[in-house]
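First to last, the sequence lines map onto chains A, B and C.
In terms of this note's numbering, the first sequence is residues 58 to 382.
In terms of this note's numbering, the second sequence is residues 58 to 382.
In terms of this note's numbering, the third sequence is residues 58 to 382.
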Amino acid sequence: MKHFTHIADVGRRGAYELIERAQYLKRDGLGERFSDRLLAMLFFNPSLRTRASFEAAMVRGGGNALVFDVGKGLWPLETVDGTVMNGDKSEHIREAAPVLGRYADALAVRSFAKLEDHDVDHADKLMRSFREFAGVPVVNMESAREHPCQGLADLLTLRETFGDLRGLPVTLTWAPHIKPLPRAVPNSFLLTAVALGCKVSVAYPPGFALHEGVLAEARKLSFAGGGHFRVTHDQQAALEGAAAVYAKSWGPKSEADVTAFPDWSITPEHLRTASGDAFFMHCLPVRRNLVAADAVLNSEPKKFLDQAENRMHVQAAVLDWLWNG
Amino acid sequence: MKHFTHIADVGRRGAYELIERAQYLKRDGLGERFSDRLLAMLFFNPSLRTRASFEAAMVRGGGNALVFDVGKGLWPLETVDGTVMNGDKSEHIREAAPVLGRYADALAVRSFAKLEDHDVDHADKLMRSFREFAGVPVVNMESAREHPCQGLADLLTLRETFGDLRGLPVTLTWAPHIKPLPRAVPNSFLLTAVALGCKVSVAYPPGFALHEGVLAEARKLSFAGGGHFRVTHDQQAALEGAAAVYAKSWGPKSEADVTAFPDWSITPEHLRTASGDAFFMHCLPVRRNLVAADAVLNSEPKKFLDQAENRMHVQAAVLDWLWNG
Amino acid sequence: MKHFTHIADVGRRGAYELIERAQYLKRDGLGERFSDRLLAMLFFNPSLRTRASFEAAMVRGGGNALVFDVGKGLWPLETVDGTVMNGDKSEHIREAAPVLGRYADALAVRSFAKLEDHDVDHADKLMRSFREFAGVPVVNMESAREHPCQGLADLLTLRETFGDLRGLPVTLTWAPHIKPLPRAVPNSFLLTAVALGCKVSVAYPPGFALHEGVLAEARKLSFAGGGHFRVTHDQQAALEGAAAVYAKSWGPKSEADVTAFPDWSITPEHLRTASGDAFFMHCLPVRRNLVAADAVLNSEPKKFLDQAENRMHVQAAVLDWLWNG
């Protein structure tokens, strides 16, 4: 059974084909390709873009989506095997996942990293459990480890702007925040960008490294696809020559001080350091004057709006690939 | 770009045409006029009728609606420009509105008056910000200042009952409650009724005036359309001769004592004071034996149920006008 | 007007025909039989299966469903007549029900037993009020007294397995839990099973009796349909010879100690006591190693997944019967 929970599900070539398919669907519309299709969406964490873009993709293709907020309308789920379930969790994923799979044609799941243990987050157990038990294709709407639909949307945005992505210099830079955030977005941008052939400069202050497992996977994708990445603590050096500057805050763990490097916040000067017409990228939501200055966010081209819109198109492509081959 | 956030968007003639269109759609059905249309609905405050009637209008016309409860499934939104966003609001309306506009064909927004400052409520900043940033038509599902779809539904109900509305005597009376409520409903009933030619008697106890800006707008609409209104603190005088009695509680500000005038609660005697067959109107939800007596609410004709149903029909007309001309 | 809130709405023959209709719809699909149909669903209590299975049935038949969580997006409802509504409830069911009935083609309602007073729960006032006021067909998604769609799904599962149900020996056994649960599920299983001709052995520890009114109704249905049931406190005796073992926890009232009988938790030994190939049934969610052991839940045939899937099919049959005759 096909799933789309990690970039490894499709590899370098599959990622390329999904972006091509998304471009085609964006141009020609979805027709009725999701008629009779039902997507069940489970949110362990809140969402605006993700929910709206998946629902929009489904209904614009003639299908339907069910939305469940775990812990609100939905019982909390147990995921550990062998537990005596006498606590607050009244249902096990071993039942909840296959039951939803009986009603829907695919499950989409969002569950953020807990930021307590690098390796636990990286192992992505909840997402892998849904794959194991759902009985239908599972789609990742951001897991502890990856946010692969965001990665595809980011790269579709670059492809629409630049065409051929091979050798394109882009910067992925850490940014300040009020609290440590998961690394699924930077992970997926890095992995997808190198898979598509970009040259990625990753910059972050000491102590904010990405997980070694992600870097290893990025290295493998680089070799295969001609992409390249380097890692540095020097934001200025990472910015030089970049065609696009992707800013994103992340913390490695919940106790990290993400307010200690205010100069990493993106200003028009940072973009000028990059290149004459470098543009700002972000997955949104973005905290203004913390992650990036008003002057950056108010300037054209607002590619971050294209990134958001492209979520809908790449997700339509993913669902079309899962269901229609 | 067309919007429907205030009665001023359509004026006297436009309001009349929307009611005519609603009558037509109510009789003949919606067909597939909303096929391929997606409405995104944002609720900053809870809703029964509004949500159900908009969703029903969309799906009965072959379209779809997305529902977002701000602060639950959706991140809280910042609306002030220039803020350093290091508080509880993680997204600015400058991003949230256009992103939803990329997915949906219109945004519908509900955000009640805060009742802290008359002029702030009257300025209706949030609704105007959505108009500015959404990139698609915006519909008002009750804002700080107006509830124009309710106003249209109220007048459609009167038109179904009386036909020609010119010169029709109706009373809009304040009623007791447990807490001060926004004035969007009385504002919109007054504005729409005078625009359609009714003679409106507005009655409220001292201290519960409507905003002068609304009265000024009502005066202008009166002159243009033949309607008329007067304001009084004498509920009995306001009731005399009325064909319909619209009761609604409102407070001017959050500290007002809305329990101090229990006699303003509508009883069968109040209706008899009005006219032999005067009927009771209300936007619902209505607190029984506080706003109006059981004997009023249990009597035919329950026009308040027609008012609620007509929400669906006028909203279908509004969306049809926004999208299909 | 037809409703489906209690097994008494259809009787023995009607229950049989709904299960036959569900089998037919499960095999042949729903086509467009719900096109132009809108189901409004009101949840006073949370739900996974019920919501997903009703929504799935609606959209797979070409229709739509609206979901309202009372107390969250929806105002709390008053149900007592004559009240001065100056408390936390801002709308009376006398208005809320008919208003939703103006928008939707049927109302589905979930509201659990309060477990404070046997007779109050048994009287099922909220569900009966919706029937009285909605103006459209009402469907029970689990009320204080019954969960008739679950009962139909359970019996469809037995019918798929065994064909003719007349004389089929099945056991309904109480199980431990962390807190007292409503009796709607055991009530409906018992009533539907005897109506369809099963021989039901009901076992529970002293103090956990079902309501006498349900037993009386089960007795009547037994006489009419050839079914039979007996009640015992001896779980072992009840299990012997059973083709299927339906375990479910219930408390009679909120102060009952439902942890006092750990041996009633179902293990593989219990199933072997029943018969060589007896299988485990449960309505889900099930607390593992409390209601039943992992070894029971991890074994094939996982008929409880079929029970869950069959919710969708029997509900499609119920809606089809209500709307299309």
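For every residue, glycine included, the Cβ atom is placed at its ideal position computed from N, Cα and C.
I believe residue i touches residue j by the beta-carbon criterion, under 8 Å. Please report the beta-carbon distance rounded to the nearest angstrom.
i	j	result
P319/C	F336/C	Contact doesn't hold; Cβ gap of about 22 Å is too wide.
E203/A	S147/A	About 29 Å separates the two Cβ atoms, so there is no contact after all.
A349/C	V343/C	6 Å
V251/C	V242/C	Going by Cβ atoms, the distance from V251/C to V242/C rounds to 15 Å, so no, they are not a contact pair.
A170/C	P239/C	4 Å
A165/A	L95/A	At roughly 11 Å, the Cβ-Cβ gap does not stay under 8 Å, so A165/A and L95/A are not in contact.
F101/C	R108/C	Rounded, the Cβ-Cβ distance is 13 Å, inconsistent with contact.
Distance check for residue j and residue i, CA to CA, integer angstroms please.
i	j	result
E135/C	L347/A	47 Å
F361/A	R117/C	36 Å
G144/A	K236/C	11 Å
L5/B	P263/B	Residue 5/B is absent from the structure shown; chain B starts at 58 and stops at 382.
A273/A	G308/A	19 Å
D174/C	V177/B	50 Å
W378/A	G158/A	18 Å
I76/A	L229/C	54 Å
P103/C	E366/B	28 Å
L183/A	F190/A	11 Å
V156/B	G333/C	60 Å
D211/C	C340/C	8 Å
I64/A	T249/A	7 Å
M198/B	M98/A	27 Å
E152/A	T218/B	55 Å
A201/C	F265/C	16 Å
Q80/C	L82/B	39 Å
L194/C	A163/C	Per the sequence shown, the amino acid found at residue 194/C is Pro instead of Leu. P194/C and A163/C: Cα-Cα distance of roughly 5 Å.
V227/C	V124/C	35 Å
L446/C	M142/C	Here chain C comprises residues numbered 58 to 382, so residue 446/C is not present and cannot be evaluated.
L213/C	A113/A	35 Å
A374/C	L253/C	17 Å
A331/B	W231/B	15 Å
R188/A	H60/A	7 Å
K277/B	A72/B	15 Å
L354/B	R345/B	8 Å
C255/C	L209/C	13 Å
E326/C	G192/A	29 Å
L172/A	A180/A	12 Å
R223/B	A301/B	14 Å
Q207/B	T324/A	45 Å
V127/C	S186/C	16 Å
R329/C	G120/A	45 Å
P205/A	H370/B	42 Å
For residue i, verify whether its CB is less than 6 Å away from any heavy atom of the ligand ADP.
i	result
S147/B	Looking at this structure, you won't find the ligand ADP or any other ligand, since it has none at all.
Per DSSP, residue i is paired with what?
i	result
N121/A	L95/A
E135/C	H149/C
Y303/A	L229/A and M338/A
N355/B	BP columns for N355/B are empty, so no partner.
D314/C	According to DSSP, D314/C bridges with nothing at all.
F100/C	D126/C and R167/C
A349/A	I323/A and R345/A
F61/C	V196/C
If we cut at 7 Å on Cβ distances, does residue i have a partner in chain F?
i	result
R69/A	No chain F is present in this structure, whose protein chains are A, B and C.
Is there contact between the stretch 283-302 of chain A and the stretch 255-262 of chain A, where contact requires at least three CB pairs shorter than 8 Å? yes
Would you check if there are 3 or more beta carbon pairs closer than 8 Å linking the stretch 83-100 of chain C to the stretch 66-75 of chain A? no
Which runs of the alpha helix (DSSP H) at least 4 residues long sit entirely within the stretch 257-292 of chain C? Give them in chain order. 269-282
Entirely enclosed beta strand (DSSP E) segments - the stretch 144-207 of chain B, minimum 3 residues: 163-167 and 195-197
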